[in-house]
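Numbering (this note's numbering), first residue to last: 8 to 210.
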């Protein structure tokens, strides 16, 4: 699939925005914003979910070297305070702020625009498979978050964070059953909240 920003029909420069980590039980939600030059192409670029970890890693340095990009995050504490949707929007606004350049418009993956922005926006369902800047953002967000979870696996080695990245896999749920939540678990998410009640923990 050839990905392009030419169909966005938005004023340039346009930033593509995507997130990673809405579904996990632990860790932050991470967003990336990417501005690519006109006519920008990158072999192998696609929705991050369709790429292996090795292919994503190989693309990261190429994206970073040929585009303007920024990363934003919302912590598990912020997720618990304002809910995952609003935390996702917060991470996206922080990613746009991290670009350190003005953009004229934003194209975002999904069916919702980012609240609180004064510039024109367009939401594109499955945009990470259609728009080059969104695909690049999806790869940067996913790899950044994965790196964080690998680091935290060294701090909390018994949960398997480096394997499942915090998602509610059987392995993760078994660890949660056996040990209860740790400091980076999202207290407001059902399986974690249930275990907090069972273990009577206040993390």
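Every residue gets a Cβ at the ideal spot worked out from N, C-alpha and C, and that includes glycine.
Small disclaimer: the values here were computed from a predicted structure and weren't measured.
Between residue 94 and residue 102, the gap from beta carbon to beta carbon reaches 7 angstroms or more. At the C-beta level, residue 41 and residue 28 stay beyond 7 angstroms of one another.
For residue 129, the secondary structure class from DSSP, reduced to helix, strand or coil, is strand.
Our two residues, residue 66 and residue 75, have alpha carbons roughly 14 angstroms apart in a direct line. Close CB contacts of residue 189 within its chain, under the 8 angstroms cut and outside five residues either way in sequence, are with 33, 163, 166 and 210 (chain order). If you ignore the 5 residues before and after residue 178, its C-beta comes within less than 8 angstroms of the C-beta of 167, 170 and 171, all in its own chain and listed in chain order. Pairing residue 192 with residue 182, the inter-Cα distance amounts to about 12 angstroms.
Residues 37 and 78 of the same chain have their beta carbon placed closer than 6 angstroms to that of residue 151, with the five preceding and five following residues left out of the count. For residue 197, DSSP records no beta bridge to any residue. If you check the CB distance, residue 55 and residue 146 come in under 7 angstroms.
Taking each of 61, 26 and 20 in turn and checking the Cα distance to residue 46, the smallest one comes out for 20. Between residue 17 and residue 127, the gap from beta carbon to beta carbon is short of 7 angstroms. The residue among 73, 199 and 201 with its C-alpha nearest the C-alpha of residue 139 is 73. If you check the CB distance, residue 110 and residue 130 do not come in under 7 angstroms. With contacts defined as CB atoms closer than 7 angstroms, residue 70 and residue 143 qualify as a contacting pair.
Between residue 60 and residue 89, the alpha-carbon positions lie close to 31 angstroms from each other.
Residue 92 counts as exposed, since fewer than 16 other C-beta atoms from the protein chains shown sit within 10 angstroms of its C-beta. Excluding five sequence positions before and after residue 86, the CB atoms of its chain that fall closer than 6 angstroms to its own CB belong to 94 and 193, given in chain order.
Nearest in C-alpha terms to residue 136, of all of 31, 51, 43 and 30, is 51.
Annotation for residue 26: the continuous beta strand (DSSP E) segment containing it runs 21–27.
At a Cβ-Cβ threshold of 7 angstroms, residue 156 and residue 173 count as neighbours.
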